[in-house]
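Participant: Sending over a structure as structure tokens; questions will come in a sec.
2 protein chains.
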Amino acid sequence: MSRHRISLRNVVPAGKRAALEQRIFYASSAIEDYRLVEEAGDVIAVEVVTGPGADPAELARKVDLLICNDVLPQRTRRPVVVWRSPHTADQAEGDVWARLERTAAVVEMGEGLYATGGLFTDLLSVLDGMLSEIAAGTFGAISYRYPTLISTDVLRRGGYLDAFPQFLITAGRLHADIDSYGAFVSGLESAPDTGAYLDRFGEHLGHCLPPTMCFHTYRQLEHRKLPGDAAVFTARGKSFRFESRYRRGVERLWDFTIREIVFVGDGERVAGQRTEFMRETWRLMDELALPGHAEVAHDPFFGNEATSERALAQQLMELKYELCLPVEGGRSVAAGSFNLHGDKFGSAFRITLPDGTTAHTACVGFGLERLTYAFLSQHGLDVDRWPASVRRRLQSRIPAEGPHRQTEGERNGRQRIPRG
Amino acid sequence: MSRHRISLRNVVPAGKRAALEQRIFYASSAIEDYRLVEEAGDVIAVEVVTGPGADPAELARKVDLLICNDVLPQRTRRPVVVWRSPHTADQAEGDVWARLERTAAVVEMGEGLYATGGLFTDLLSVLDGMLSEIAAGTFGAISYRYPTLISTDVLRRGGYLDAFPQFLITAGRLHADIDSYGAFVSGLESAPDTGAYLDRFGEHLGHCLPPTMCFHTYRQLEHRKLPGDAAVFTARGKSFRFESRYRRGVERLWDFTIREIVFVGDGERVAGQRTEFMRETWRLMDELALPGHAEVAHDPFFGNEATSERALAQQLMELKYELCLPVEGGRSVAAGSFNLHGDKFGSAFRITLPDGTTAHTACVGFGLERLTYAFLSQHGLDVDRWPASVRRRLQSRIPAEGPHRQTEGERNGRQRIPRG
Numbered sequence: 001m002s003r004h005r006i007s008l009r010n011v012v013p014a015g016k017r018a019a020l021e022q023r024i025f026y027a028s029s030a031i032e033d034y035r036l037v038e039e040a041g042d043v044i045a046v047e048v049v050t051g052p053g054a055d056p057a058e059l060a061r062k063v064d065l066l067i068c069n070d071v072l073p074q075r076t077r078r079p080v081v082v083w084r085s086p087h088t089a090d091q092a093e094g095d096v097w098a099r100l101e102r103t104a105a106v107v108e109m110g111e112g113l114y115a116t117g118g119l120f121t122d123l124l125s126v127l128d129g130m131l132s133e134i135a136a137g138t139f140g141a142i143s144y145r146y147p148t149l150i151s152t153d154v155l156r157r158g159g160y161l162d163a164f165p166q167f168l169i170t171a172g173r174l175h176a177d178i179d180s181y182g183a184f185v186s187g188l189e190s191a192p193d194t195g196a197y198l199d200r201f202g203e204h205l206g207h208c209l210p211p212t213m214c215f216h217t218y219r220q221l222e223h224r225k226l227p228g229d230a231a232v233f234t235a236r237g238k239s240f241r242f243e244s245r246y247r248r249g250v251e252r253l254w255d256f257t258i259r260e261i262v263f264v265g266d267g268e269r270v271a272g273q274r275t276e277f278m279r280e281t282w283r284l285m286d287e288l289a290l291p292g293h294a295e296v297a298h299d300p301f302f303g304n305e306a307t308s309e310r311a312l313a314q315q316l317m318e319l320k321y322e323l324c325l326p327v328e329g330g331r332s333v334a335a336g337s338f339n340l341h342g343d344k345f346g347s348a349f350r351i352t353l354p355d356g357t358t359a360h361t362a363c364v365g366f367g368l369e370r371l372t373y374a375f376l377s378q379h380g381l382d383v384d385r386w387p388a389s390v391r392r393r394l395q396s397r398i399p400a401e402g403p404h405r406q407t408e409g410e411r412n413g414r415q416r417i418p419r420g
Numbered sequence: 001m002s003r004h005r006i007s008l009r010n011v012v013p014a015g016k017r018a019a020l021e022q023r024i025f026y027a028s029s030a031i032e033d034y035r036l037v038e039e040a041g042d043v044i045a046v047e048v049v050t051g052p053g054a055d056p057a058e059l060a061r062k063v064d065l066l067i068c069n070d071v072l073p074q075r076t077r078r079p080v081v082v083w084r085s086p087h088t089a090d091q092a093e094g095d096v097w098a099r100l101e102r103t104a105a106v107v108e109m110g111e112g113l114y115a116t117g118g119l120f121t122d123l124l125s126v127l128d129g130m131l132s133e134i135a136a137g138t139f140g141a142i143s144y145r146y147p148t149l150i151s152t153d154v155l156r157r158g159g160y161l162d163a164f165p166q167f168l169i170t171a172g173r174l175h176a177d178i179d180s181y182g183a184f185v186s187g188l189e190s191a192p193d194t195g196a197y198l199d200r201f202g203e204h205l206g207h208c209l210p211p212t213m214c215f216h217t218y219r220q221l222e223h224r225k226l227p228g229d230a231a232v233f234t235a236r237g238k239s240f241r242f243e244s245r246y247r248r249g250v251e252r253l254w255d256f257t258i259r260e261i262v263f264v265g266d267g268e269r270v271a272g273q274r275t276e277f278m279r280e281t282w283r284l285m286d287e288l289a290l291p292g293h294a295e296v297a298h299d300p301f302f303g304n305e306a307t308s309e310r311a312l313a314q315q316l317m318e319l320k321y322e323l324c325l326p327v328e329g330g331r332s333v334a335a336g337s338f339n340l341h342g343d344k345f346g347s348a349f350r351i352t353l354p355d356g357t358t359a360h361t362a363c364v365g366f367g368l369e370r371l372t373y374a375f376l377s378q379h380g381l382d383v384d385r386w387p388a389s390v391r392r393r394l395q396s397r398i399p400a401e402g403p404h405r406q407t408e409g410e411r412n413g414r415q416r417i418p419r420g
């Protein structure tokens, strides 16, 4: 382990400190940890921790490049809050995460990966059910189970590869060839680095892991004319983002669950539906007695000279709102987002309305692990103290999906399991 | 497109014809289609269709190698049937798949990928619920939601990489480096082959996509001593296998859904639990009025000189049974399997019993898309003609998850969607 101090060629003002912190691990995978050095509020240097053999001059160049390309051009804007919960944060228990771990209701399964069980899973299903009811009941959404794999070409045409290269997770396979399989198997045992060995015998599958659900919907509608003047789809599924060392518990996972609702229609209609879904969400947050707020946001575009302009445009046009909910430790998670796309995807995937014009789209997505954890952070693990509508739904779930209203001790009473 | 006739150096007897057909696409990815040429029941040649530029001599060598290594050593055994359904196949409708496609209840989303909606999804949930009730009710299984990504090291230590290299689907990411991201983004638009371009800028993530759920359970229990003398886990999740050109509808997907139950304990106990779960499954098949049978089976090991011995040992020791259900077109799918592992995984992952001995494991898995399609193949799409217990469960599902007991026309009445 080495420690290097990088004096910045361009100091980073306090207002852009967060933009630096959100990106620094993508500057170089050699950076294992870092500390910002400040002077009069500006960041003037970064101390980085690396493995052995890292070249300090190269690291400095990469960090300076990151600051020039992706940090300094970010326009800092005062947060624009569009909703505030009437409920105040009251995290009475304060040790919810520790207790979830202790009872194996959350189990770390690798970098950015968690298994969930027991009360956590049951609550996640209940909360998803409440969102699904809004989607189906109020908006008439059609529900699909999508495959997990998504065509790489769809992500490329949808603009994901060049906007978010840092998040991309691809799928590969070994060369489909008997000589290659034979060589792979016979050398596997002595291969010192399985990852490099797989890269040597592998190739891209033609598919990636999806960063959101909505790309599946565009793929499904590609080259089609809607039979009516609007359509709403909903899906729940796994999404994947390479969050590097930014992973943290279920607050920031590499592999997480989204409930997504996609609106397709003319521009005015989908904008109205987004607004209406936001109102329904504020109502639900009130019913769940959750504190939090919603604000104008932008996507973490990366690696492209146009990224800061795109982020700014997104904010000025209020194309993205995020639902921010407090969790333990004084942190906050973006548990939902409400997005307008204009005709970007309708045009990329040639989705048209009955009159032949290009469809506009909007989508609303909820990170179910984050939402669940925000709920538990606020209300604790004692089900009896939860809002009545959640308790009722938990109780009405069929027994096969797990016992409810038990204490932690009772829950695993029949069959104690080792902590993960 | 070229067509080449490969005269086989070793003829393949009729009894091993299936073994050849199940593997030939893994001999070389240049093979796009094939036809076997027979003489007096033996396969004496293969006509293969390839893209331009394939070398016929190389192809012949690869096919001969496949036959020597992976086909001829297979010991053909007479099927050992351990259960036969009392119900007879009665696929009255015969056009179920066509109607599922027409009503967009199944939508092809790429090679080996399908989205499912409407009645298909609802039925899949009901059938999974019935299996889950057996798991939780009769066996006290603890339920987990696992991440999708599984550590590559877990698959390696579990013996998957060298036993099934042909099925493996890996996960990758781009090099986490600002120079690399920049070069990737600036060259993307002019890259002629996105797959090769991603390979150039990418590296293995350290994780793969799981071929079954049970590896997650072993990972969870790794290095642990069970607090009791046995434990049962269940999970539903996505599994992935590169099935090459063998993909077919939802009968053989690259990306499918498994309900899995894993038994951990001493050898006698887990063997007994496997037997008991098989009995419960036969009871459920009877309740579902499904025809079919179960037989001794073996895994499609590949690419290793020991594969045929392993397959034979598996059969002789009856370590694997498969539940075979008929589907439309006179075909059959393996919709479930019941497996004994001895202490293979307990030993690989150092899972021990309270007395310090190595745990034995067994697992039972169901392919939910296959099971659903087998049900629909037999009973058709008219819910009123389905077995009562399934109808009742469909009706009791909450409205948010979709309307039931509607005709096809009514189902999508509110919002017609374009066919996928």
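One line per chain: the protein sequences are A and B, in this order.
Those letters in the first sequence? Residues 1 to 420, per UniProt numbering, in order.
Those letters in the second sequence? Residues 1 to 420, per UniProt numbering, in order.
For each residue, glycine too, the CB sits at the ideal point set by N, CA and C.
Can you tell me whether Asn10(A) is buried or exposed? The criterion is at least 16 other CB atoms within 10 Å of its CB, across all chains shown.
Facilitator: On the first sequence, position 10 is the one that residue 10(A) refers to. By the 10 Å Cβ count, Asn10(A) comes out exposed.
Participant: Determine, using beta carbons only, whether Val364(B) and Gly330(B) come nearer to each other than 8 Å.
Facilitator: Within the second sequence, numbered from 1, the residue matching residue 364(B) stands at position 364. Within the second sequence, numbered from 1, the residue matching residue 330(B) stands at position 330. Cβ atoms of Val364(B) and Gly330(B): not closer than 8 Å.
Participant: Are the CB atoms of Ser2(B) and Ala57(B) nearer to each other than 8 Å?
Facilitator: Within the second sequence, numbered from 1, the residue matching residue 2(B) stands at position 2. Within the second sequence, numbered from 1, the residue matching residue 57(B) stands at position 57. Not in contact: Ser2(B) and Ala57(B) (Cβ atoms no closer than 8 Å).
Participant: Using a Cβ cut-off of 8 Å (strictly closer), state whether Pro211(A) contacts chain B.
Facilitator: For the purposes of this step, residue 211(A) is identified with residue 211 of the first sequence, where counting begins at 1. It does not; no Cβ of chain B falls within 8 Å.
Participant: Under a Cβ-count criterion, where at least 16 other Cβ atoms within 10 Å of its own Cβ denotes burial, should Cys68(B) be classed as buried or exposed?
Facilitator: Counted from its first residue, the second sequence places residue 68(B) at position 68. Result: exposed.
Participant: Using Cβ-Cβ distances below 8 Å, what residues of the region 280-302 of chain B are close to chain A?
Facilitator: Going along the region 280-302 of chain B in chain order, one finds Phe302 with a Cβ nearer than 8 Å to chain A.
Participant: Please report the distance separating the alpha-carbon of Val46(A) from that of Asp33(A).
Facilitator: In the first sequence, the residue the question calls residue 46(A) occupies position 46. In the first sequence, the residue the question calls residue 33(A) occupies position 33. Between Val46(A) and Asp33(A), the C-alpha separation is close to 10 Å.
Participant: Per DSSP, Asp255(A) forms a beta bridge with which residues?
Facilitator: Translated into positions along the first sequence, residue 255(A) becomes position 255. Partner(s): Phe240(A).
Participant: Rounded to whole angstroms, what's the CA-CA distance from Asp64(A) to Ser180(B)? Just pull it up for me.
Facilitator: Stepping through the first sequence from its first residue, residue 64(A) is reached at position 64. Stepping through the second sequence from its first residue, residue 180(B) is reached at position 180. The alpha-carbon atoms of Asp64(A) and Ser180(B) are separated by roughly 15 Å.
Participant: Is Lys238(B) close to chain A? Criterion is C-beta to C-beta, closer than 8 Å.
Facilitator: Translated into positions along the second sequence, residue 238(B) becomes position 238. So, interface residue.
Participant: May I ask you to list the residues that DSSP assigns as paired with Asn339(B)?
Facilitator: Residue numbering aside, residue 339(B) sits at position 339 when the second sequence is read from its first letter. In the DSSP output, where bridge partners are listed per residue, Asn339(B) has Lys320(B) and Cys363(B).
Participant: Check whether the Cβ of Ser151(A) lies closer than 8 Å to any Cβ atom in chain B.
Facilitator: As a position in the first sequence, residue 151(A) is number 151, starting the count at 1. Closer than 8 Å to some Cβ of chain B, the Cβ of Ser151(A) qualifies, so yes.
Participant: With a threshold of 7 Å on Cβ separation, who are the neighbours of Thr138(A) within its own chain once the five nearest residues in sequence on each side are excluded?
Facilitator: Indexing the first sequence from 1 puts residue 138(A) at position 138. Hits under 7 Å: Glu280.
Participant: Out of curiosity, what's the CA-to-CA distance linking Glu21(A) and Tyr246(A)?
Facilitator: Translated into positions along the first sequence, residue 21(A) becomes position 21. Translated into positions along the first sequence, residue 246(A) becomes position 246. Their backbone Cα atoms lie some 10 Å apart in a straight line.
Participant: Quick one: which chain B residues come within Cβ less than 8 Å of Ser190(A)?
Facilitator: As a first step, residue 190(A) must be located in the first sequence, where it is residue number 190. Result: empty, since nearest Cβ-Cβ is about 12 Å, beyond 8 Å.
Participant: Quick check on Ser308(A): buried or exposed, where buried means 16 or more other Cβ atoms within 10 Å of its Cβ?
Facilitator: As a position in the first sequence, residue 308(A) is number 308, starting the count at 1. It counts as buried.
Participant: What's the gap between the Cα of Pro227(A) and the Cα of Ser151(A)?
Facilitator: Reading the first sequence from its first residue, position 227 is the one you call residue 227(A). Reading the first sequence from its first residue, position 151 is the one you call residue 151(A). Approximately 25 Å, taken between the alpha carbons.
Participant: What residues match up with Arg247(A) in a beta bridge as DSSP calls it?
Facilitator: Position 247 of the first sequence holds residue 247(A). DSSP lists no partner for Arg247(A).
Participant: Verify the CB distance criterion: does Arg274(A) have a CB-CB separation below 8 Å to chain B?
Facilitator: Looking up residue 274(A) in the first sequence gives position 274. Not one chain B Cβ lies under 8 Å of Arg274(A).
Participant: Would you identify the three-state DSSP class for Glu47(A), choosing helix, strand or coil?
Facilitator: Counted from its first residue, the first sequence places residue 47(A) at position 47. Three-state result, Glu47(A): strand.
Participant: Check whether the region 24-32 of chain B touches the region 86-95 of chain B, counting contact only when three or more Cβ pairs, one atom from each stretch, lie closer than 8 Å.
Facilitator: Verdict: no, contact absent.
Participant: So Phe242(A) contacts chain B; which residues on that side make the cut at Cβ distance below 7 Å?
Facilitator: Indexing the first sequence from 1 puts residue 242(A) at position 242. Arg173, listed in chain order.
Participant: At which residues does the alpha helix (DSSP H) containing Arg77(A) begin and terminate?
Facilitator: Within the first sequence, residue 77(A) is the residue found at index 77, counting from 1. Run containing Arg77(A): none; DSSP gives neither H nor E here.
Participant: Using the three-state DSSP reduction, which class does Pro399(A) fall into: helix, strand or coil?
Facilitator: In the first sequence, counting from the first residue as 1, residue 399(A) sits at position 399. With a pLDDT of 45 at Pro399(A), under the threshold of 50, the modelled position of that residue is not reliable, and no figure is offered here.
Participant: Am I right that Phe240(A) and Pro211(A) are in contact with their C-beta atoms under 8 Å? What's the rounded C-beta distance?
Facilitator: If you number the first sequence from 1, residue 240(A) lands on position 240. If you number the first sequence from 1, residue 211(A) lands on position 211. Phe240(A) to Pro211(A), Cβ: 7 Å. Contact.
Participant: In the structure shown, what three-state DSSP assignment does Val11(B) receive?
Facilitator: Indexing the second sequence from 1 puts residue 11(B) at position 11. Three-state DSSP puts Val11(B) in a strand.
Participant: Just how far apart, CA to CA, sit Tyr146(A) and Val37(A)?
Facilitator: Taking the first residue of the first sequence as 1, we reach residue 146(A) at position 146. Taking the first residue of the first sequence as 1, we reach residue 37(A) at position 37. Using only the alpha carbons, I get a separation of about 46 Å.
Participant: Would you please verify whether the beta carbon of Ala19(B) is less than 8 Å from any beta carbon of chain A?
Facilitator: Here residue 19(B) refers to the residue found at position 19 of the second sequence. No - not a single Cβ of chain A is within 8 Å of the one on Ala19(B).
Participant: To the nearest angstrom, how far is it from the Cα of Gln315(B) to the Cα of Val81(B)?
Facilitator: For the purposes of this step, residue 315(B) is identified with residue 315 of the second sequence, where counting begins at 1. For the purposes of this step, residue 81(B) is identified with residue 81 of the second sequence, where counting begins at 1. The alpha-carbon atoms of Gln315(B) and Val81(B) are separated by roughly 12 Å.
Participant: Which residues mark the beginning and the end of the beta strand (DSSP E) in which Gly117(B) is found?
Facilitator: Counted from its first residue, the second sequence places residue 117(B) at position 117. Its beta strand (DSSP E) spans residues Leu113 to Gly117.
Participant: Indicate the three-state DSSP secondary structure (helix, strand or coil) for His216(B) in the structure shown.
Facilitator: Indexing the second sequence from 1 puts residue 216(B) at position 216. Helix, per DSSP.
Participant: Excluding sequence positions up to five away, which residues of its chain have a Cβ less than 6 Å from the Cβ of Pro73(B)?
Facilitator: Translated into the one-based positions of the second sequence, residue 73(B) becomes position 73. Cβ within range, chain order: Ser308.
Participant: Spatial neighbours of Phe338(A) within its chain, please: CB distance less than 6 Å, with the 5 preceding and 5 following residues excluded, ordered by chain position.
Facilitator: Counting from one through the first sequence, the residue named residue 338(A) turns up at place 338. Excluding positions up to five away in sequence, the list reads Arg274, Met278, Tyr321 and Val364.
Participant: By Cβ distance below 7 Å, which residues in the same chain neighbour Trp97(B) in space, the five residues on each side in sequence not counted?
Facilitator: Residue numbering aside, residue 97(B) sits at position 97 when the second sequence is read from its first letter. Only Gly249 and Glu328 meet the Cβ criterion.
Participant: For residue 421(A), which residues in chain B fall below 9 Å Cβ to Cβ?
Facilitator: No statement about residue 421(A) is possible, as the shown extent of chain A runs from 1 to 420 and does not include it.
Participant: Please report how far the alpha carbon of Cys208(B) lies from the alpha carbon of Gly356(A), in whole angstroms.
Facilitator: Counting from 1 along the second sequence, the entry for residue 208(B) is found at position 208. Counting from 1 along the first sequence, the entry for residue 356(A) is found at position 356. Rounded to whole angstroms, Cys208(B) to Gly356(A) spans 43 Å at the Cα level.
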